[in-house]
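4 protein chains.
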Amino acid sequence: MSGNTIGTLFTVTTAGESHGPGLMAIVDGCPPGLELSVEDLQIELDRRKPGTSRHTTQRQEADEVEILSGVFEGRTTGCPIGLLIRNTDQKSKDYSAIKDLFRPAHADYTYHHKYGLRDYRGGGRSSARETAMRVAAGAIAKKYLASLGISVRGYMSQLGPIEIPFKSWEAVGQNAFFSPDPDKVPELEAYMDQLRRDQDSVGARITVVAEGVPPGLGEPIFDRLDAELAYALMSINAVKGVEVGAGFASVAQRGTEHRDELTPEGFVSNNAGGVLGGISSGQPIIAHLALKPTSSITTPGRSIDVDGNPVEVITKGRHDPCVGIRATPIAEAMMAIVLIDHLLRHRAQNAGVQVVTPVLGQL
Amino acid sequence: MSGNTIGTLFTVTTAGESHGPGLMAIVDGCPPGLELSVEDLQIELDRRKPGTSRHTTQRQEADEVEILSGVFEGRTTGCPIGLLIRNTDQKSKDYSAIKDLFRPAHADYTYHHKYGLRDYRGGGRSSARETAMRVAAGAIAKKYLASLGISVRGYMSQLGPIEIPFKSWEAVGQNAFFSPDPDKVPELEAYMDQLRRDQDSVGARITVVAEGVPPGLGEPIFDRLDAELAYALMSINAVKGVEVGAGFASVAQRGTEHRDELTPEGFVSNNAGGVLGGISSGQPIIAHLALKPTSSITTPGRSIDVDGNPVEVITKGRHDPCVGIRATPIAEAMMAIVLIDHLLRHRAQNAGVQVVTPVLGQL
Amino acid sequence: MSGNTIGTLFTVTTAGESHGPGLMAIVDGCPPGLELSVEDLQIELDRRKPGTSRHTTQRQEADEVEILSGVFEGRTTGCPIGLLIRNTDQKSKDYSAIKDLFRPAHADYTYHHKYGLRDYRGGGRSSARETAMRVAAGAIAKKYLASLGISVRGYMSQLGPIEIPFKSWEAVGQNAFFSPDPDKVPELEAYMDQLRRDQDSVGARITVVAEGVPPGLGEPIFDRLDAELAYALMSINAVKGVEVGAGFASVAQRGTEHRDELTPEGFVSNNAGGVLGGISSGQPIIAHLALKPTSSITTPGRSIDVDGNPVEVITKGRHDPCVGIRATPIAEAMMAIVLIDHLLRHRAQNAGVQVVTPVLGQL
Amino acid sequence: MSGNTIGTLFTVTTAGESHGPGLMAIVDGCPPGLELSVEDLQIELDRRKPGTSRHTTQRQEADEVEILSGVFEGRTTGCPIGLLIRNTDQKSKDYSAIKDLFRPAHADYTYHHKYGLRDYRGGGRSSARETAMRVAAGAIAKKYLASLGISVRGYMSQLGPIEIPFKSWEAVGQNAFFSPDPDKVPELEAYMDQLRRDQDSVGARITVVAEGVPPGLGEPIFDRLDAELAYALMSINAVKGVEVGAGFASVAQRGTEHRDELTPEGFVSNNAGGVLGGISSGQPIIAHLALKPTSSITTPGRSIDVDGNPVEVITKGRHDPCVGIRATPIAEAMMAIVLIDHLLRHRAQNAGVQVVTPVLGQL
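Protein sequences appear in the order of chains A, B, C and D.
Numbering-wise (my numbering), the first sequence opens with residue 16 and increments by one.
Numbering-wise (my numbering), the second sequence opens with residue 16 and increments by one.
Numbering-wise (my numbering), the third sequence opens with residue 16 and increments by one.
Numbering-wise (my numbering), the fourth sequence opens with residue 16 and increments by one.
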């Protein structure tokens with residue numbers, strides 16, 4: 016496969032550049048009979064949409080998605096679902112200032128060496144604008160999972176130096192940061208306002224949780240559920256780290272502390288993050304991801320041009336000072352895509368398996 | 016694919032259980048003409064082999080590998096390379112004590128629910144014994160990469176609470192811990208000896224570095240080099256987290272701090288870990304992984320049996336008190352497999368690309 | 016993969032139904048730097064377009080394709096190429112007559128049992144309308160192959176009982192049948208006119224030839240060049256048989272007759288059809304395909320409805336009396352897609368191979 | 016994938032050369048709980064084994080298979096099944112006569128140009144010896160299909176010029192030719208004896224039939240059931256053509272003749288060969304394949320050496336004068352592998368589909 020497709024049975028293939036005519040996706044392998052409408056996708060797209068608060072980019076994109084195929088009389092047919100979003104705010108601005116140089120921490124240098132040419136308008140294919148299609152495709156996955164009682168939800172667990180404790184899912188949808196603690200929001204807003212004055216950007220930590228996942232999803236050895244989650248989450252722009260369950264805290268843990276004991280009432284802890292031996296245990300699947308600070312900042316930085324000469328770069332334009340703020344819906348989408356894919360894979364091989372052992376209650 | 020294969024063009028498929036007749040692998044897609052002998056593989060297998068110090072399991076496995084195909088007159092033919100390792104120390108011990116219960120933090124519970132039956136002898140397919148074949152396959156990848164001037168090396172960067180600073184590559188091969196700091200070894204030994212007395216286990220952090228990687232490897236969007244590295248490294252038994260470059264430290268970094276500026280002499284830092292936009296930059300590729308503490312410990316733990324009744328579990332046998340100690344060669348193998356695969360993929364699509372911009376010196 | 020994607024490195028994923036809003040394709044893996052315009056695609060689409068003679072369906076489809084991504088300043092970027100064709104003649108006609116019954120020789124019965132529901136408008140996804148996107152994608156493959164001196168051309172070699180000898184490539188483009196013998200055209204026209212009066216349809220045989228293909232394309236064992244060609248050509252609607260080289264005539268041949276001897280001047284015959292051991296020999300690649308007669312005819316036929324009751328079916332509407340007539344561009348597209356994919360795969364693994372033995376001249 | 020793997024969910028990866036240490040296969044994706052023993056595989060291997068009559072090669076290979084993994088206490092575990100066959104009759108004969116030249120109709124020339132070097136002993140990887148592993152893997156697929164009431168059987172339908180009518184399945188197993196007509200056997204024997212005296216070889220036509228296949232298997236568009244069958248059957252050594260149902264006879268058929276009408280009692284004919292729109296209809300799946308005459312014959316032929324000089328080639332050794340004679344078990348294996356793969360794929364996406372329309376009786 017050529018790098019723009021994810022999944023084995025539930026596959027998502029995307030195309031499109033930041034400042035081209037539009038974005039496309041083909042979602043293949045969705046089971047037939049699922050009720051699906053444009054609104055199901057639009058709700059998720061609107062959660063990711065820029066310009067909804069002063070803390071994100073002011074680029075105006077309606078992000079209106081059109082379903083071109085695979086849905087008939089309100090239900091999926093089992094045939095591929097074609098999605099289209101036209102770009103509406105691709106300003107015909109002058110890119111001559113950056114077309115021949117490499118913005119630090121961007122993909123300019125690497126695309127240049129890989130392909131020998133690149134669409135330099137707004138980062139082209141390397142722009143996070145592509146993630147709109149991940150969110151649209153993920154909405155389909157989420158809807159199918161929901162029909163089986165599986166939820167996938169995320170929140171911001173850290174913004175720069177500010178750790179955000181989990182208080183409630185309700186809070187997450189009620190602020191621009193996806194903060195699960197409403198009391199932290201003023202501090203986050205003040206931090207972001209100062210950051211903008213500093214002409215700087217900052218990283219963030221996002222947590223994603225799937226509940227209601229039955230035991231048995233994931234394949235042994237390479238295509239473990241956690242390995243595929245790591246792949247899917249690391250594939251999001253700006254992500255530099257992925258943890259499952261206790262993650263890097265496991266390094267300093269002892270075995271007696273880390274192991275999640277089992278009782279007839281259920282697991283007594285969840286250091287595993289819901290995955291044992293690469294296969295879901297029935298506990299909540301928990302993953303954390305680290306996003307680096309936005310690369311596009313107006314503080315000048317050193318770089319070189321395509322001829323190797325030193326230049327100074329200032330990235331003007333409309334950019335998120337913290338890409339992590341809009342990353343929660345994207346992370347949810349990726350987890351949902353991995354889960355539905357593994358659900359189908361598990362069903363294929365193990366449809367006939369009968370297990371009498373009771374599934375343990377979730378922690 | 017069914018979960019036991021990794022790679023797109025350079026593929027590794029493994030089979031075999033901990034206490035079955037043996038382990039197999041088929042390595043497909045290796046370029047023809049590479050000089051390859053059993054010794055090339057055995058050297059790497061011996062680095063991973065158990066029983067070489069008192070700090071690892073005392074299971075005695077010769078781990079002698081046989082090449083069954085794909086090599087003719089000392090060189091690879093381009094046809095699949097078949098590998099075989101016979102298990103020699105699969106004791107016919109009595110497994111009746113564990114066959115009907117679930118050891119905490121093991122894959123017993125999840126395999127049981129996935130397949131409805133399982134090979135309970137030593138963990139069967141879920142045992143880390145399978146990683147022997149990863150190391151053998153990785154040796155082929157490493158040899159090919161070396162022929163292009165690309166090295167892949169790893170070391171232990173933390174054992175439980177003890178952080179280990181990088182001193183030199185030479186030190187790594189001269190102690191049982193893959194410690195890059197020889198002065199830390201006595202402390203590590205003392206810690207392990209106490210751990211054994213405590214009948215406990217501990218986690219570890221491993222760092223892997225590839226040097227000499229040309230810019231351009233990795234595909235945009237999903238099959239990014241860092242995403243595939245995350246997948247490959249997370250697929251190693253006991254791994255709970257993966258970082259590239261600054262990793263989770265990026266969360267608290269500011270953009271002015273994180274971005275690696277470019278000068279005509281090269282990048283001035285490497286927070287990116289050698290990957291920008293999912294594509295290698297020519298800088299060293301740096302990844303870190305977190306391994307959880309060994310699940311098999313002799314301190315009793317609570318669990319249930321297959322009928323849901325509470326039981327107390329003590330995992331006897333010969334187990335590594337820190338699986339991280341032998342993980343370095345495995346992590347190197349996985350990184351090497353990902354790199355050769357992406358090298359071939361890049362070559363396929365971009366063989367004709369001419370770039371005049373000089374590749375920057377490594378940091 | 017979920018069935019709507021072809022290829023390993025050069026992949027084509029399509030979506031869209033006969034009477035939905037439109038057709039989409041994402042073409043991934045095209046090498047960067049190829050000059051490509053909408054016109055390159057439109058030329059091929061126009062060759063397949065219906066309604067250009069009285070011998071094909073009178074459905075009016077402009078089949079105007081839009082390139083949504085992957086091309087920048089007139090050249091491919093190496094990123095996925097998104098294609099869109101809006102359906103313009105999807106009449107809102109009344110399908111109630113066929114929505115609950117199965118037209119003989121159509122996919123109605125099998126889609127019904129596979130998915131439990133189906134888009135019955137004009138056959139939905141099973142309609143040959145989908146092949147428009149194959150032709151558009153194939154045009155990209157053909158253009159790249161042409162840049163390397165590789166041509167892919169086809170012609171009709173039999174229409175119903177009328178065998179058509181190969182006279183010249185020039186003739187093929189000068190009649191509605193893709194007949195390589197201009198003298199046969201009046202006979203073909205008379206046959207088709209009678210067929211229409213008979214309210215019947217008929218099969219056809221198409222031949223596709225690739226010239227200029229270097230030796231070495233194709234993988235041993237499963238992914239042989241001929242095996243992948245058989246897959247790709249059999250995947251075209253209505254195809255019931257595929258031959259390479261001598262094909263079924265090989266059954267009655269003797270070894271002394273079939274084997275293509277080699278001389279310093281080249282092979283002396285081409286019974287192999289350009290493929291030996293699954294790998295291209297440098298000779299022309301020759302394949303033949305058999306297309307069944309169009310299923311949609313106005314002569315009544317017996318069938319059943321979804322409840323199992325007997326019904327009589329007459330398929331009205333605008334249908335090709337011989338689907339083979341428009342199949343030549345589709346067959347060329349599929350061969351081109353297979354060839355470029357194998358070209359990239361070969362390049363990946365064997366880029367460094369040096370062979371001094373001269374490539375033999377083509378026959 | 017690198018060409019030595021077939022399948023999406025039920026995958027078979029093979030390795031091994033004709034005169035190397037042995038053959039390997041890894042069969043991944045087999046559902047757990049299937050009773051499986053070495054004998055199940057050996058029965059099929061013995062049907063393909065050479066040396067059982069005077070009409071096949073006299074090479075003596077025990078073809079004893081060992082199961083190295085994936086089976087525990089007599090049942091499959093769902094983990095990959097590792098298979099091993101040691102080569103026992105790889106004579107250390109002198110290959111210097113052929114190592115630097117290209118035998119006509121063999122893969123010598125193409126492997127040489129693809130890889131730059133090749134294992135010339137007995138054809139190396141290109142030898143039909145590799146098909147032993149296909150048969151072993153196919154035996155697993157057949158056993159699973161049989162547990163669902165699906166049979167896959169084949170027979171020889173033509174040997175050189177002699178057409179063999181279908182009389183009974185019982186007859187097939189009672190002669191060395193897999194002839195379904197016992198009365199034809201003396202004619203076949205006489206033909207083969209004369210052929211040997213002529214120092215020549217001949218082609219054959221094999222027919223494979225699957226019965227009991229439920230409707231719904233196969234994916235639309237590219238991964239159609241018939242397309243994947245064409246791929247799998249064409250991948251067998253020496254195959255030059257594949258037909259499904261009426262095959263090339265469809266070319267001269269009219270729509271009124273070809274279309275298989277439906278009645279409440281079932282389909283009234285089976286020109287489709289059990290596949291409509293790429294998806295199984297519940298009718299028997301019928302495929303035919305054409306095998307070319309054996310390339311290795313003792314009648315001298317013209318060729319060139321690696322330097323381009325003309326040479327005369329006589330292929331001595333122990334060769335089948337008609338490779339088609341032993342091809343029936345191989346063709347059955349390939350059809351079984353395709354069917355189980357599509358069964359799993361169908362189950363994955365459509366497990367929840369409820370169809371009330373009765374499945375029609377088979378024809």
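Beta carbons are placed, not taken as given, at the ideal position from N, Cα and C, and that holds for glycine.
Within 7 Å of the CB of Y130 of chain A, the CB atoms of chain C belong to P47, T92, G93, in sequence order along the chain. For P180 of chain C, there is no enclosing alpha helix (DSSP H), as DSSP marks it with neither H nor E. Contact check for L132 of chain B and V321 of chain B: beta-carbon distance about 11 Å, past the 8 Å limit, so the pair fails to qualify. Beta-carbon to beta-carbon, G218 of chain C and V266 of chain D are separated by about 4 Å, close enough to satisfy the 8 Å threshold. In the assembly as shown, G339 of chain D is a buried residue. Its beta-carbon has 16 or more other beta-carbons within 10 Å. Distance from the CA atom of V368 of chain B to the CA atom of V290 of chain B, rounded to whole angstroms, is 20 Å.
M249 of chain B belongs to the set of residues whose beta carbon lies under 7 Å from a beta carbon in chain A.
At a cut-off of 7 Å between beta-carbon atoms, I319 of chain D makes contact with chain C. Looking at the backbone, the Cα of T309 of chain B and that of I58 of chain A are separated by about 44 Å. Taken in chain order, the complete beta strand (DSSP E) segments of 3 residues or longer contained in the stretch 198 to 246 of chain C are 219 to 226. The closest CA to that of Q214 of chain A, considering only A:S166, A:P315, A:Q268, is found on A:P315. For the 7 Å CB-CB criterion, I221 of chain C and T20 of chain C do not form a contact.
Here Y170 of chain D is bridged, per DSSP, to D:T222. At a Cβ-Cβ threshold of 7 Å, I236 of chain D and G35 of chain C do not count as neighbours.
Under the three-state reduction of DSSP, L99 of chain A is assigned to strand. For H357 of chain D, the three-state secondary structure derived from DSSP is helix.
Here A348 of chain B has R149, V150, G153 as same chain residues with Cβ atoms under 6 Å from its own Cβ, once five neighbours each way along the sequence are excluded. With fewer than 16 other CB atoms across the displayed protein chains lying within 10 angstroms of its CB, P373 of chain A is exposed. Here DSSP, grouped into helix, strand and coil, assigns L56 of chain B to helix.
For G18 of chain A, no Cβ of chain D is located within less than 7 Å of the residue's own Cβ.
At a cut-off of 7 Å between beta carbons, A122 of chain D contacts chain C. Per DSSP, the beta bridge partners of V290 of chain B are B:S295. Taken through DSSP and simplified to helix, strand or coil, S141 of chain B comes out as helix.
Only residues of its own chain outside the window of five on either side were considered, and among them I21, G22, F25, V27, A152, G153, A156, A247 have a CB closer than 7 Å to the CB of I352 of chain C, listed in chain order. Across the structure, H127 of chain D and C94 of chain D are spaced so that their CA atoms are roughly 37 Å apart. Taking the Cα of Y124 of chain D as reference, the smallest distance to any Cα among C:G292, C:P299, C:A346, C:A366 is reached at C:G292.
Among the residues of chain D, those whose CB is under 7 Å from the CB of S216 of chain C are R269, G270, following chain order. The beta carbon of L244 of chain A does not come within 7 Å of any beta carbon belonging to chain D, so the residue lies off that interface. In this structure, DSSP gives K307 of chain C a state outside helix and strand, which the three-state scheme calls coil. Comparing alpha carbon positions, the residue from C:A120, C:R239, C:S216, C:Q268 closest to L174 of chain D is C:Q268. In this structure, L210 of chain D sits away from V257 of chain D, with a CB-CB distance that is not shorter than 7 Å.
For S265 of chain B, the residues of chain A that pass the 8 Å Cβ criterion are G218, K255, G256, A305, L306, K307, P308, in the order they occur in the chain.
By alpha-carbon distance to A122 of chain B, the top candidate from B:N102, B:G137, B:D109, B:L354 is B:G137. At least one CB of chain A lies nearer than 7 Å to the CB of R274 of chain B.
Here H273 of chain D has A261, S265, N286 as same chain residues with Cβ atoms under 8 Å from its own Cβ, once five neighbours each way along the sequence are excluded.
Inclusion of S84 of chain A and G97 of chain A in the CB contact set at 7 Å is warranted, their separation being smaller than that value.
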